[in-house]
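Heads up, the thing below is written out as structure tokens.
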Amino acid sequence: MSALVPLLVLLPLLGAATALVLGAHRRAQVLVSALTLTVVTVLSAILLVYVDQVGPVVVDVGGWDAPFGIVLVADRLAMIMVLIAALMLLGVLLFAAGQGIADGDRETPVSIFHPTYLVLAAGLFDAFIAGDLFNLYVGFEMLLSASYVLLTLAGTGARIRAGVTYIIVSLTSSIIFLASIAFIYAATGTVTMALIAERVRDLPADVQLILCISLLVAFCIKAAVFPMSFWLPDSYPTAPAPVTAVFAGLLTKVGVYAIIRTDTVMFTDVDIDIPLMVVALLTLLIGILGALAQADIKRLLSFTLVSHIGYMIFGIAIGSQAALAATIFYIVHHIIVQTTLFLATGLVERVGGTTSINRVGGILKASPLVSVLFFIGAMNLGGIPPFSGFLGKVGLFEAGVALGTPLSYMLIAAGAATSLLTLYALVRVWNMVFWRPSGDVEGYSSPLLDSLRENPDDPGGTVRTKSVPRLMLAATTGMVALTVALTIFAGPLFDLASRTAADFDSPSTYVEAVFPEATP
Amino acid sequence: MTASATLILLMAVLYAVGITVMLERSLTRVLIGFMLVGNATNLLILLVSGPNGTAPIVTGTSADETMADPVPQVLMLTAIVINFGITAFVLALIYRSWWLAQLGDQGDAVPDQHTDDTEAATDATFDAVDLDDAAIQKILADSNEHPDEPDRGLEEKR
Numbered sequence: 000m001s002a003l004v005p006l007l008v009l010l011p012l013l014g015a016a017t018a019l020v021l022g023a024h025r026r027a028q029v030l031v032s033a034l035t036l037t038v039v040t041v042l043s044a045i046l047l048v049y050v051d052q053v054g055p056v057v058v059d060v061g062g063w064d065a066p067f068g069i070v071l072v073a074d075r076l077a078m079i080m081v082l083i084a085a086l087m088l089l090g091v092l093l094f095a096a097g098q099g100i101a102d103g104d105r106e107t108p109v110s111i112f113h114p115t116y117l118v119l120a121a122g123l124f125d126a127f128i129a130g131d132l133f134n135l136y137v138g139f140e141m142l143l144s145a146s147y148v149l150l151t152l153a154g155t156g157a158r159i160r161a162g163v164t165y166i167i168v169s170l171t172s173s174i175i176f177l178a179s180i181a182f183i184y185a186a187t188g189t190v191t192m193a194l195i196a197e198r199v200r201d202l203p204a205d206v207q208l209i210l211c212i213s214l215l216v217a218f219c220i221k222a223a224v225f226p227m228s229f230w231l232p233d234s235y236p237t238a239p240a241p242v243t244a245v246f247a248g249l250l251t252k253v254g255v256y257a258i259i260r261t262d263t264v265m266f267t268d269v270d271i272d273i274p275l276m277v278v279a280l281l282t283l284l285i286g287i288l289g290a291l292a293q294a295d296i297k298r299l300l301s302f303t304l305v306s307h308i309g310y311m312i313f314g315i316a317i318g319s320q321a322a323l324a325a326t327i328f329y330i331v332h333h334i335i336v337q338t339t340l341f342l343a344t345g346l347v348e349r350v351g352g353t354t355s356i357n358r359v360g361g362i363l364k365a366s367p368l369v370s371v372l373f374f375i376g377a378m379n380l381g382g383i384p385p386f387s388g389f390l391g392k393v394g395l396f397e398a399g400v401a402l403g404t405p406l407s408y409m410l411i412a413a414g415a416a417t418s419l420l421t422l423y424a425l426v427r428v429w430n431m432v433f434w435r436p437s438g439d440v441e442g443y444s445s446p447l448l449d450s451l452r453e454n455p456d457d458p459g460g461t462v463r464t465k466s467v468p469r470l471m472l473a474a475t476t477g478m479v480a481l482t483v484a485l486t487i488f489a490g491p492l493f494d495l496a497s498r499t500a501a502d503f504d505s506p507s508t509y510v511e512a513v514f515p516e517a518t519p
Numbered sequence: 000m001t002a003s004a005t006l007i008l009l010m011a012v013l014y015a016v017g018i019t020v021m022l023e024r025s026l027t028r029v030l031i032g033f034m035l036v037g038n039a040t041n042l043l044i045l046l047v048s049g050p051n052g053t054a055p056i057v058t059g060t061s062a063d064e065t066m067a068d069p070v071p072q073v074l075m076l077t078a079i080v081i082n083f084g085i086t087a088f089v090l091a092l093i094y095r096s097w098w099l100a101q102l103g104d105q106g107d108a109v110p111d112q113h114t115d116d117t118e119a120a121t122d123a124t125f126d127a128v129d130l131d132d133a134a135i136q137k138i139l140a141d142s143n144e145h146p147d148e149p150d151r152g153l154e155e156k157r
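Listed in order, the protein sequences are those of chains A and B.
For the first sequence, position 303 (counting from the first letter as 1) is numbered 302 according to numbering that gives the first Met the number 0, and the numbering increases by one without interruption.
For the second sequence, position 138 (counting from the first letter as 1) is numbered 137 according to numbering that gives the first Met the number 0, and the numbering increases by one without interruption.
The structure is reproduced here in structure tokens:
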């Protein structure tokens with residue numbers, strides 16, 4: 000089994016090299032990328048089942064034992080994240096392939112897109128299975144470098160402007176991360192997470208707090224937690240639809256994953272729950288209020304993305320086993336639903352010619368299937384029972400009630416309000432874009448639409464509408480089916496999430512997996 | 000733990016200058032600031048590695064106290080390579096944004112020149128790219144220049 004773990008990173012990198020060599024053959028590139036991601040998906044599913052039944056798999060890369068060598072740790076949380084990420088990447092790849100075949104690859108320059116996409120995948124998987132803080136940094140840099148290229152694909156003025164903001168913010172967070180690693184190495188003499196967890200307890204409380212906060216600042220920028228969230232809604236919506244979908248679904252969640260690792264494995268003694276809760280409260284409310292003021296669906300979804308990160312931070316701040324289980328379930332739910340909604344928006348853009356709710360209407364009549372796909376995703380994100388969004392929130396709120404402090408009740412209230420406001424924003428999109436007859440768009444006025452902010456980079460008007468290829472529809476339908484499956488199989492999944500959270504209850508599980516005998 | 004005061008001072012100056020320059024509006028200055036801050040962080044890693052020592056090469060014998068700590072050096076090397084790659088990318092980005100600025104409002108319109116192309120036209124373009132190598136070979140063969148032979152013009156001058 001331990002031979003399979005490095006393959007998760009190795010295969011996408013080899014696939015990227017192959018795809019680059021095959022630059023002139025578009026279809027062969029698609030085949031290589033799809034095949035690579037399918038194999039990784041199967042591998043991660045096998046590993047998840049194995050890890051769930053037997054226990055964490057630890058691989059010493061290069062044959063050196065920890066803490067001298069690099070370790071890869073595949074525990075339940077890591078494998079859940081890898082499996083979901085691989086599924087999302089595969090679905091979005093098929094969507095992008097459908098779009099590429101239909102548009103003659105003008106939207107996605109053929110020789111660059113697939114290799115970069117696979118490097119992004121390798122970076123994601125590496126970050127998830129890294130057992131060592133510096134390897135986590137390398138994983139982050141891999142996925143960020145790939146994301147810079149994907150975000151500025153085709154190099155139009157709007158994308159360069161958005162890309163500059165994104166790149167500079169990411170560079171800043173990377174530098175903070177690297178400096179934190181240096182501080183942690185100075186204080187503990189290691190970068191292996193399991194050993195940091197052991198040694199950090201002997202440090203003075205103040206030093207622990209500084210180390211923990213410097214790491215959290217770096218990760219909060221990546222996870223777009225308020226007040227470090229301003230960059231996200233400006234940079235994501237300008238990218239091509241498949242790229243935005245992957246970024247929205249996965250990149251912020253890597254930050255959340257790193258926060259979970261920091262808070263539950265490395266710095267278990269540091270008590271920063273109250274500041275985290277305050278930050279979660281502000282993220283929830285300010286994010287969703289931003290979403291209400293947007294006329295562009297992609298920008299609106301970007302703001303809801305920021306807002307819903309608040310739920311995850313809330314769960315991490317509570318820190319009980321039930322809260323962490325709900326957080327893990329919510330992360331899985333949110334990755335799938337957010338990616339699906341961005342893909343559905345990509346389809347709306349093809350059918351309607353724009354994503355501004357002021358200038359498009361009648362999609363329900365023009366394409367009922369696209370409407371249904373968007374509707375299911377929207378209801379799920381809004382937290383309508385019986386969808387998984389509702390289940391995740393109920394789990395979080397129960398854990399919040401169990402904690403019972405005034406702040407946690409405030410967060411529950413804010414969480415419920417955010418859920419309703421998300422629903423309000425998405426139902427307005429439904430009314431305007433889908434339900435409103437296309438004849439009514441000209442000269443339509445409504446208090447609902449007053450004072451909405453358009454996307455500043457949007458040239459205005461509608462562009463030529465395009466046909467919706469079957470492959471794009473199939474990919475989106477598959478993803479929607481996955482969100483529904485998440486609801487149907489919520490019971491077993493919640494059990495898995497609970498077992499994952501139980502691993503953190505005694506941080507020694509992780510440490511013992513890396514150091515079976517005794518910590519050096 | 001002892002550390003060199005000179006290095007600490009240098010690191011502090013690099014951080015201060017780097018952050019100040021990063022706050023400028025111009026993208027080129029932001030890049031220079033990023034490079035300075037990146038190098039300051041590398042110095043920080045070097046500083047935390049502890050006192051100087053001999054080369055940490057273990058051949059059969061166990062590690063001893065006089066050896067330098069190799070791990071921070073590995074971290075620094077990796078960080079330098081990553082910063083180098085990102086610097087190259089940002090330079091390309093700066094060039095592209097300068098190019099767009101030169102074109103003014105037309106900048107965004109340039110990539111759209113193929114909007115009205117049909118599928119057949121696109122395929123023809125892609126085919127043409129594939130045939131580039133053959134075309135170059137043909138032009139080289141037809142031309143009067145023979146790069147492999149010594150330059151006659153130069154010899155005549157002598």
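Where is the CB? At the ideal position from N, CA and C, for every residue including glycine.
Residue burial classification, residue i (beta-carbon count within 10 angstroms, cutoff 16)
{"i": "LEU6/B", "result": "exposed"}
{"i": "ASP201/A", "result": "exposed"}
{"i": "THR58/B", "result": "exposed"}
{"i": "VAL520/A", "result": "Residue 520/A is absent from the model: chain A starts at 0 and stops at 519."}
{"i": "VAL109/B", "result": "At VAL109/B the pLDDT is 49, less than 50, meaning the model places this residue with poor confidence and gives no usable figure here."}
{"i": "THR19/B", "result": "exposed"}
{"i": "ARG151/B", "result": "Because the pLDDT at ARG151/B is just 49, under 50, the model does not fix this residue reliably, and the value given afterwards should be weighed accordingly. That one is exposed."}
{"i": "GLU106/A", "result": "The pLDDT assigned to GLU106/A is 47, lower than 50, so where the model puts this residue is not dependable; a value taken from the coordinates is nonetheless given after this. GLU106/A comes out buried."}
{"i": "GLY14/A", "result": "buried"}
{"i": "ASP502/A", "result": "buried"}
{"i": "TRP429/A", "result": "buried"}
{"i": "LEU419/A", "result": "exposed"}
{"i": "THR51/B", "result": "Before going further, note that residue 51/B is Asn rather than Thr in the sequence given. It counts as exposed."}
{"i": "THR40/A", "result": "buried"}
{"i": "PRO236/A", "result": "buried"}
{"i": "TRP230/A", "result": "buried"}
{"i": "GLN207/A", "result": "buried"}
Proximity below 8 angstroms, CB of residue i to CB of residue j
{"i": "ILE308/A", "j": "VAL253/A", "result": "no"}
{"i": "GLY122/A", "j": "LEU71/A", "result": "no"}
{"i": "THR187/A", "j": "VAL199/A", "result": "yes"}
{"i": "VAL264/A", "j": "ALA365/A", "result": "no"}
Residue interval of the alpha helix (DSSP H) (run including residue i)
{"i": "ASP494/A", "result": "489-504"}
{"i": "ILE69/A", "result": "ILE69/A -> not in any alpha helix (DSSP H); beta strand (DSSP E) instead, spanning 69-73."}
{"i": "VAL57/A", "result": "Careful: VAL57/A lies outside any alpha helix (DSSP H), inside the beta strand (DSSP E) at 56-60."}
{"i": "ASN82/B", "result": "69-102"}
{"i": "ARG200/A", "result": "Taken as a continuous stretch (DSSP letters only), ARG200/A belongs to no alpha helix (DSSP H), as it is neither H nor E."}
{"i": "ILE31/B", "result": "26-47"}
{"i": "ILE327/A", "result": "320-351"}
{"i": "LYS465/A", "result": "Per DSSP, LYS465/A belongs to no alpha helix (DSSP H) and is neither H nor E."}
{"i": "TYR310/A", "result": "296-317"}
{"i": "ASN430/A", "result": "Taken as a continuous stretch (DSSP letters only), ASN430/A belongs to no alpha helix (DSSP H), as it is neither H nor E."}
{"i": "ALA401/A", "result": "387-402"}
{"i": "ASN134/A", "result": "132-150"}
{"i": "THR230/A", "result": "Here residue 230/A is Trp; the residue named in the question, Thr, does not match the sequence. Element bounds for TRP230/A: 230-234."}
{"i": "PRO274/A", "result": "272-291"}
{"i": "LEU250/A", "result": "Premise fails: LEU250/A is in no alpha helix (DSSP H) and is neither H nor E."}
{"i": "ALA129/A", "result": "Segment: none, ALA129/A is in no alpha helix (DSSP H) and carries neither H nor E."}
{"i": "PHE521/A", "result": "Outside the displayed span of chain A (0 to 519) sits residue 521/A, for which this structure offers no information."}
Quiz prompt | Residues of the stretch 124-141 of chain A with Cβ closer than 7 angstroms to any Cβ of chain B, in chain order | solution = PHE133, VAL137, GLU140
Quiz item: How about the stretch 236-244 of chain A and the stretch 345-353 of chain A: do they share at least three Cβ pairs that are nearer than 8 angstroms?
Solution: yes
Quiz item: Below 8 angstroms, can you find three or more Cβ-Cβ pairs linking the stretch 349-362 of chain A to the stretch 394-403 of chain A?
Solution: no
Self-check item: Contact list for the stretch 84-99 of chain B against chain A, Cβ threshold 7 angstroms
Solution: GLY84, ILE85, PHE88, VAL89, LEU92, ARG95, SER96, LEU99
Quiz item: Just checking, does the stretch 316-329 of chain A make contact with the stretch 290-298 of chain A on the three C-beta pairs under 8 angstroms criterion?
Solution: no
Quiz item: Does the count of Cβ pairs from the stretch 275-291 of chain A and the stretch 363-381 of chain A closer than 8 angstroms reach three?
Solution: no
Quiz prompt | Chain-ordered residues of the stretch 5-31 of chain B with a beta carbon less than 7 angstroms from chain A | solution = LEU26, VAL29
Quiz prompt | Interface positions of the stretch 151-163 of chain A facing chain B (Cβ-Cβ less than 9 angstroms), listed along the chain | solution = THR151, ALA153, GLY154, THR155, GLY156, ALA157, ILE159, ARG160, GLY162, VAL163
Quiz item: Between the stretch 432-445 of chain A and the stretch 309-319 of chain A, do at least 3 Cβ pairs fall closer than 8 angstroms?
Solution: no
Exercise. Spell out a yes or no on whether the stretch 462-472 of chain A and the stretch 74-91 of chain A are touching, meaning 3 or more CB-CB pairs, one atom from each, closer than 8 angstroms.
Key: no
Practice problem: Check whether the stretch 53-62 of chain A touches the stretch 144-160 of chain A, taking contact to mean three or more Cβ pairs, one atom from each stretch, closer than 8 angstroms. | Solution: no
Quiz prompt | contact_flag[the stretch 37-54 of chain B, the stretch 174-189 of chain A] where n(CB pairs < 8 angstroms) is 3 or more | solution = yes
Quiz item: Do the stretch 70-79 of chain B and the stretch 210-218 of chain A make contact, defined as three or more Cβ pairs closer than 8 angstroms?
Solution: no
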